[in-house]
Amino acid sequence: MCGIVGAVSRSGAVLEGLIDGLRKLEYRGYDSCGVAMFEGEAVQIRRKVGRLSELEKLLADGALAGARAGIGHTRWATHGKPSDENAHPHTDGSGRMALVHNGIIENYLELREELSAGGAVFRSETDTEVLTHLVGRELARGRGLAEAVRLSLKRVQGYYAIAVMALENGQPRLVCARQGPPLVVAATNEIGLCGSDVLALLKYTRDVVFVEDGDIVELAPGRLSITDFDGRPVTRAVRHVDWDEEAASKGGYPHHMLKEIHEQPDVLARTAFDRILQVEGDVDFEGPGFDDARLCALERIQVVACGTALHAGMIGKYLIENLAGVAVDCDYASEFRYREPVLAPRSAVLAISQSGETADTLAAMRLARERGLAPLSICNVQGSTVVRESEAVILTHAGPEIGVASTKAFVAQVIACYLFAVRLGRARGKLSVEQGRELLDELRRLRARLEGLITEKTVDQVRAVAAKHLKAKGFFFLGRGVNFPVALEGALKLKEISYVHAEGYAAGEMKHGPIALIEPGMPIVVINSPGRVADKVRSNIEQVKARGGHVISVGADEASHKLADDAIRVPACSEWLSPLLNVVPLQLFAYHHALARGCDIDKPRNLAKSVTVE
Ligand code: F6R
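Under my numbering, residues -6 to 607 are what the sequence shown spells out, in order.
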């Protein structure tokens, strides 16, 4: 999704900082980028289709290097193809203002007609450009920038975060606003800043304000002035963010994704260990909402999430139903929000999201809340919209996830589900103290097992197996029970970064149709670990082999490995924790497959890290 940055400084140059901020937002996915710099009487815009390095070539003449104010943008195309003309910032042609936008203006066609009839000249195919003309028209009527933005936004329907800059008496003014996508602002004595993510601001400060929907912010060095869309002042807390820039960098690995895979043992420790009450065999979540009375009153849980986060939720369903005896429904958030869900009273909605800003997940959560469900969430980003709108939150302490393909956040989400299942089970008396202790001991022991798994030996083995199948037309990933969602996740990882067709399937469903696709030599990844369905999965392996499929078995079931053509062994652990180990070779498999095919691993084509539009 698009990324926004903006800065207005008392005395220093800001271009370098803006480019640095845009680089921090690269993980969101983009196809073009640009900056508008404000100095003296005229606005200078530079924008380019392609990567930031292309934009930097344009800036290499140094003409804008001294400007004290500017806005920048990475664009992920929605309206209009990726091109120099459609790249942001956009302007109304007055040479006094420029604007960047993340989101969608739904009524842009009718506004475009109206503005064109009034003489506005449009130079791009974007929906954004109507905003520049609306704001420009108000500025031309003599309004101040904040007022011009306020009046313009009243005309707009949609979903947006914007940053607008204009020259007033030769002085740059910066205003931003939010109705949907995330926006963070900050002011030090020296500089006023805005960005789509705190990462873009960390170079300057860690004390930030998360802008709420319906806020308009005027930014200046030493001053943040926030009002609502009707101009009434509002107060927002300043929050201290403890992520540092180093945490968001690659730390010596060639790709963020590989670094993030290797971080998973630590992510387990950070997400779980401080919450474990060893003596009580229970879990202590910080913050309210997880007390016995509340959890005992719950009748059902509705999980809403997208992509990888939904796969974590599907594992959560097995865990919660088995360990706590509470019924769980799982829905793609994008489906849930448009059906008429019949929801049981005394239920909770559990939104799972790495970013906490996914549009579909948010909408599904809001819908369930309107229907009377208590909103709970599992989320990785403190201060994100999902977190702010939840009654109770389990923060996953995965740290910033930069690689577009989610790895460590998935592991953290599954751990959070496991902890939640234990807490629920203990609260409702389904688990005894001893059972709780044993489950939590197993989780503690998993850190060393993960460390033992993520070694050069495994990496080499997975790389060798991946190399055998570089020309394969398609893959199946099969699993059952708690490892069925792991099969879905393994297939998703391969599709998104290697661009190879891969299908995740419930192994027992193969014979009801998909088995027809199996040809001699087709790679079939089968995930199997000791547990209640291990022998059933072995039968499924036999069925695949009988049709000539090349079986790659992943897991701790030795008998499956004996049947397979290739075996990737993982350490043994309890059935309920096996997804956390089994997913690792699948992440590495996707990584090495993509690497050998020369794909852009951290920024796969067409994908965005944070999907803030529908
Ligand atoms: C896949 C991936 C996506 C996200 C999905 C939800 O690797 O990252 O499928 O899981 O877009 O994103 P969040 O978790 O931010 O709501």
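Built from N, CA and C at the ideal position, the CB exists for glycine as well.
Where residue i falls, given that 16 or more other Cβ within 10 Å makes a residue buried
i: residue 289; result: exposed
i: residue 231; result: exposed
i: residue 228; result: exposed
i: residue 407; result: buried
i: residue 427; result: exposed
i: residue 55; result: exposed
i: residue 271; result: exposed
i: residue 266; result: exposed
i: residue 331; result: exposed
i: residue 424; result: buried
i: residue 303; result: buried
i: residue 108; result: buried
i: residue 532; result: exposed
i: residue 4; result: exposed
i: residue 135; result: exposed
i: residue 525; result: exposed
i: residue 505; result: exposed
9 Å Cβ cutoff met for residue i and residue j
i: residue 488; j: residue 494; result: yes
i: residue 184; j: residue 165; result: no
i: residue 443; j: residue 261; result: yes
i: residue 404; j: residue 342; result: no
i: residue 26; j: residue 61; result: no
i: residue 59; j: residue 34; result: no
i: residue 92; j: residue 121; result: yes
i: residue 392; j: residue 263; result: yes
i: residue 395; j: residue 595; result: yes
i: residue 77; j: residue 40; result: yes
i: residue 113; j: residue 146; result: no
i: residue 161; j: residue 137; result: yes
i: residue 153; j: residue 95; result: yes
i: residue 587; j: residue 578; result: no
i: residue 258; j: residue 398; result: no
i: residue 295; j: residue 334; result: yes
i: residue 132; j: residue 83; result: no
i: residue 248; j: residue 584; result: yes
i: residue 357; j: residue 327; result: yes
i: residue 157; j: residue 144; result: no
i: residue 352; j: residue 607; result: yes
i: residue 516; j: residue 465; result: yes
i: residue 455; j: residue 556; result: no
i: residue 411; j: residue 570; result: yes
DSSP-derived helix/strand/coil call for residue i
i: residue 307; result: helix
i: residue 370; result: strand
i: residue 218; result: strand
i: residue 90; result: strand
i: residue 295; result: strand
i: residue 14; result: helix
i: residue 234; result: coil
i: residue 571; result: helix
i: residue 190; result: coil
i: residue 467; result: strand
i: residue 211; result: strand
i: residue 499; result: strand
i: residue 604; result: coil
i: residue 355; result: helix
i: residue 395; result: coil
i: residue 284; result: coil
i: residue 526; result: coil
i: residue 472; result: strand
i: residue 345; result: strand
i: residue 340; result: strand
i: residue 255; result: helix
DSSP bridge partner residues for residue i (one or two, in chain order)
i: residue 165; result: 160
i: residue 64; result: -1 and 29
i: residue 40; result: 27
i: residue 172; result: 153
i: residue 385; result: 369
i: residue 545; result: 518 and 559
i: residue 184; result: 2
i: residue 325; result: 298
i: residue 96; result: 153
i: residue 203; result: 177
i: residue 83; result: 92
i: residue 276; result: 269
heavy atom of the ligand MN below 8 Å from residue i C-beta
i: residue 347; result: The model depicted lacks the ligand MN and carries the ligand F6R instead.
Please give the ranges of any alpha helix (DSSP H) in the stretch 394 to 435, keeping only runs that are unbroken, at least 4 residues long and fully inside the region. 401 to 420
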